[in-house]
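Residue numbers (UniProt numbering), protein chains in the order written: chain A, 1 to 238; chain B, 1 to 305.
The structure is reproduced here in structure tokens:
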């Protein structure tokens, strides 16, 4: 961790309009939860639907995308990354610091609201709130690392990230069962299943597959991002 | 100390060759990197500052490779051409962040010193986003100087500056050069370069066109063959009289323009010849205008010489 890099990243992320944008999505989740909590019907199903699809399936990838790319892609795009890179700092340190900030922000804006929404919807029964919170924590970390990497390797990080989250995870994952094995969202769900009470949540990917994949993806993305940052080329403008 | 060596360096992007087999050594003092837009100046500076790998050859600082070697930044200060610089920070916060990133022992004192050098202390608490172009340039300078580097690289530092800011910056760079630091700046304006740099490196279309003292390069540039468009009271007679002299290489009678197109061998010879010949023959000159004063034509002559 480098405190200066962290400070610059936090201010870049939460300053300006992006800070507000980050608040909108969790606020929506909480509003929907309050409305849903006051309706009749099977609360268990409703909670699993809202926390599984809205929170784990939408809120976490969107926040991961906004935060993960915002933590570095913005600086690479506008060229201000030069001021970090023209220093005797190990590139690994820049990446791990930015990742730590991205993960913390994703957790604050995704995992915390998920826990609160869970409590509003279903209390502490079956450990549903806790389970989905843990699910958002692990998938939030993996998304942050993945989208941070995208921010380093491509100028179109947001588009590439959206393509992955929307097209692959949501669309393809919905219809092709095999695709779910390679889905951060499903890995998070698998972890949530393990935390929750017996039979409270059903996941398609086994825990023994999900956890190693989560770890491998997060670590590999971080290492690759460090390597790519060390060889970052500035586009010649003339 | 503080010598950048570019040894047989080429850089290509796909099929486009941006820098073609360039070798130069940049040592202490102020050096101007001169060339028209698109000549490869930025590409060279990016390679010297470690933000681009040479496709062939080597770029080194005091013998150590620059690419993928973050330790060189203890010696190098870089002032990039682009303006973005965390515009949510104040000038002081920005320079301080740079000092901290360098791991300086007393970043606060280094920041105050650097801001004082560029005379920006008065605006240090304003956000950099509110700065004028010249102020941004000076704060960028302060951030590059905060660790007192031996080498200072500046990419088109005078772009968009007003004359007063230009003079201030020149004065500052001159002082650094006099201190024994290596200062390299790029520009596409000859007058800018010769005001500041004793030593000039000229690049044109990716090639190293000329190198050396600015006076020699200035002479090369003014002594090149010139083209003129001449209108007079009797074009044909004037043409006949001009071609008789050795300083005229060719003349064409342009009927549409109703003028002469003259190719002169050298600048000085022709500019004294023309009025003399006209006066002796009793011909009045209406128009004498240089036909190819574009920078590109000046530079392309340098390449061929």
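Note that CB positions come from ideal geometry on N, CA and C, so glycine has one too.
### Message
Counting only beta-carbon separations shorter than 7 Å, does residue 70 of chain B have a partner in chain A?
### Response
yes
### Message
Can you check which of these residues, A:130, A:122 and A:53, is closest to residue 195 of chain A by C-alpha distance?
### Response
A:130
### Message
The alpha helix (DSSP H) that contains residue 43 of chain A, what's its start and end?
### Response
43-49
### Message
Quick check on the DSSP output: what are the complete beta strand (DSSP E) runs of length 3 or more inside the segment 65-117 of chain A, in order along the chain?
### Response
none
### Query
Taking the alpha-carbon positions, what's the residue 237 of chain B to residue 288 of chain B distance?
16 Å
### Task
Alpha carbon to alpha carbon, how far is residue 186 of chain B from residue 198 of chain B? Give it in angstroms, no decimals.
14 Å
### Beta-carbon proximity list for residue 81 of chain B, same chain, < 6 Å, skipping 5 on both sides
155 and 156
### Query
Any C-beta of chain B sitting closer than 7 Å to the C-beta of residue 18 of chain A?
no
### Task
Anything in chain A within Cβ reach of residue 131 of chain B, meaning under 8 Å, just list it in chain order.
Result: empty, since nearest Cβ-Cβ is about 14 Å, beyond 8 Å.
### Task
Can you give me the Cβ contacts of residue 183 of chain B inside the same chain, cut-off strictly under 6 Å, excluding the 5 residues immediately before and after it?
30, 152, 173, 176 and 177
### Query
DSSP on residue 20 of chain B, reduced to helix/strand/coil?
strand
### Query
Does the Cβ of residue 114 of chain A have 16 or more other Cβ atoms within 10 Å, making it buried, or fewer, making it exposed?
buried
### Task
Please specify which runs of the alpha helix (DSSP H), each continuous and at least 4 residues long, are wholly inside the segment 167-227 of chain B, giving them in chain order.
190-196 and 214-222
### Task
Have a look at residue 76 of chain B and residue 102 of chain B and give me their C-alpha separation to the nearest angstrom.
11 Å
### Query
Can you round the beta-carbon distance between residue 270 of chain B and residue 264 of chain B to whole angstroms, since I take them to be within the 8 Å contact cut?
4 Å
### Message
Does the contact criterion of 3 or more C-beta pairs under 8 Å hold for the segment 101-119 of chain A versus the segment 160-174 of chain A?
### Response
no
### Query
How far does the beta strand (DSSP E) with residue 51 of chain B in it reach, from first residue to last?
Premise fails: residue 51 of chain B is in no beta strand (DSSP E) and is neither H nor E.
### Task
List the residues of chain B that residue 11 of chain A touches, going by C-beta distances under 7 Å, in chain order.
88
### Query
Is the segment 59-77 of chain A touching the segment 36-44 of chain A in the sense that three or more CB pairs, one from each, lie closer than 8 Å?
no
### Message
Going by beta-carbon coordinates alone, are residue 258 of chain A and residue 207 of chain A separated by less than 7 Å?
### Response
The shown model of chain A, from 1 to 238, leaves out residue 258 of chain A, and the question about it has no answer.
### Task
Measure the CB-CB distance between residue 78 of chain A and residue 143 of chain B and report whether it falls below 7 Å.
no
### Query
Within the 7 Å Cβ cut-off, does residue 4 of chain A reach chain B?
yes
### Query
Would you say residue 26 of chain A reaches chain D, if we count a Cβ-Cβ gap shorter than 7 Å as a contact?
This model lacks chain D altogether; the protein chains it does include are A and B.
### Message
Is it buried or exposed, residue 236 of chain A, if we count other Cβ atoms within 10 angstroms and call 16 or more buried?
### Response
In this prediction, residue 236 of chain A has a pLDDT of 48, which is less than 50 and means its spatial position is unreliable; what the coordinates show is noted afterwards. Residue 236 of chain A should be labelled buried.
### Query
What residues are listed by DSSP as bridge partners for residue 77 of chain B?
B:152
### Query
Three-state secondary structure (DSSP) at residue 144 of chain A?
helix
### Task
Please confirm if residue 52 of chain B has its CB atom under 7 Å from at least one CB of chain A.
yes
### Query
Does the beta carbon of residue 79 of chain A come closer than 7 Å to any beta carbon on chain B?
yes
### Message
By alpha-carbon positions, which one of B:239, B:113 and B:127 ends up nearest to residue 93 of chain B?
### Response
B:127
### Query
Would DSSP call residue 67 of chain B helix, strand or coil?
coil
#### Entry: Inter-residue Cα distance where the pair is residue 102 of chain A and residue 41 of chain A
37 Å
### Segment limits, beta strand (DSSP E) that includes residue 30 of chain B
29-34
### Contact set between the segment 206-230 of chain A and chain B, restricted to residues whose Cβ is under 8 Å from the partner
230
### Query
To the nearest angstrom, how far is it from the Cα of residue 18 of chain A to the Cα of residue 175 of chain A?
33 Å
### Query
In chain order, what residues of the same chain lie with their CB nearer than 8 Å to the CB of residue 218 of chain B, ignoring the 5 residues before and after it?
190 and 194
#### Entry: Inter-residue spacing [alpha-carbon to alpha-carbon] between residue 238 of chain A and residue 209 of chain B
In this predicted model, residue 238 of chain A has a pLDDT of only 40, less than 50, meaning its place in the structure is not dependable; the value taken from the coordinates is given anyway. One C-alpha to the other measures close to 18 Å.
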